[in-house]
Amino acid sequence: MRQFYTARVSPARLHAALVELFADADLAYRLVDRPAFHRYTALLNAQAEAMLPSWWTLARDMGATGDAVRELQKQIVLGDGLAGKMLFTTDIWTSVASQAFMVLTGHWITSDFQLRQVVMEFEQLHGSHTGLLIAETFERVLT
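Residues in the sequence shown are numbered consecutively from 1, following the working numbering.
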């Protein structure tokens, strides 16, 4: 295992590591706001705990760093030897602040029969949760 610890933590390095962690492990963005996650981070590095973004910032910035996340997703999928056989699911919900969100997840079975999944897209939706809006979002993500 490679050594990742560094004495100095910058907000940019922490953010990049969080984006990679949340994309690779398919973690819920709200985890970053949980007190236990803050305590865990502070245990590792007290400076880093004060630099943690909110779940909303993490979700927004995951979209802003989409190319890097998509490259990581591609590496995950290709690492399993997937030859174009993937099932997609969507989930749509409205937050307590009346903001609509959609997540697109890809699912597949590896050559050694392990079920895998990766979040392909997470974004805020604007407009009604119609089939047309879902289809347009799905098509845009896949092209």
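Beta carbons: idealized from backbone N, C-alpha and C, even for Gly.
Taking the Cα of Asp61 as reference, the smallest distance to any Cα among Glu139, Glu123 and Leu133 is reached at Glu123.
Cβ-Cβ distances below 7 Å link Asp26 to Gln117, Val118 and Val119 in the same chain, with the five nearest sequence neighbours on each side left out; the list follows chain order. Between Ser54 and Val32, the beta carbon gap of about 7 Å places them in contact (Cβ cut-off 8 Å). As a beta-bridge residue in DSSP terms, Leu125 pairs with Ala100. An exposed status is given to Leu142, since fewer than 16 other beta-carbon atoms sit within 10 Å of its beta-carbon. Collapsing the DSSP output to three states places Arg116 in a strand. When the Cα atoms are used, Thr41 and Arg34 turn out to be separated by approximately 11 Å.
The DSSP-derived three-state label of Thr89 is strand. Following the DSSP letters along the chain, one finds Ala50 in no alpha helix (DSSP H), marked with neither H nor E. By the C-beta criterion, the segment 127 to 141 is judged to be in contact with the segment 93 to 107, since at least 3 inter-stretch pairs fall below 8 Å. Counting only runs of 4+ residues, the alpha helix (DSSP H) found wholly inside the segment 7 to 38 occupies 11 to 25, in chain order. One Cα belongs to Leu52, the other to Pro11, and the distance between them is close to 8 Å.
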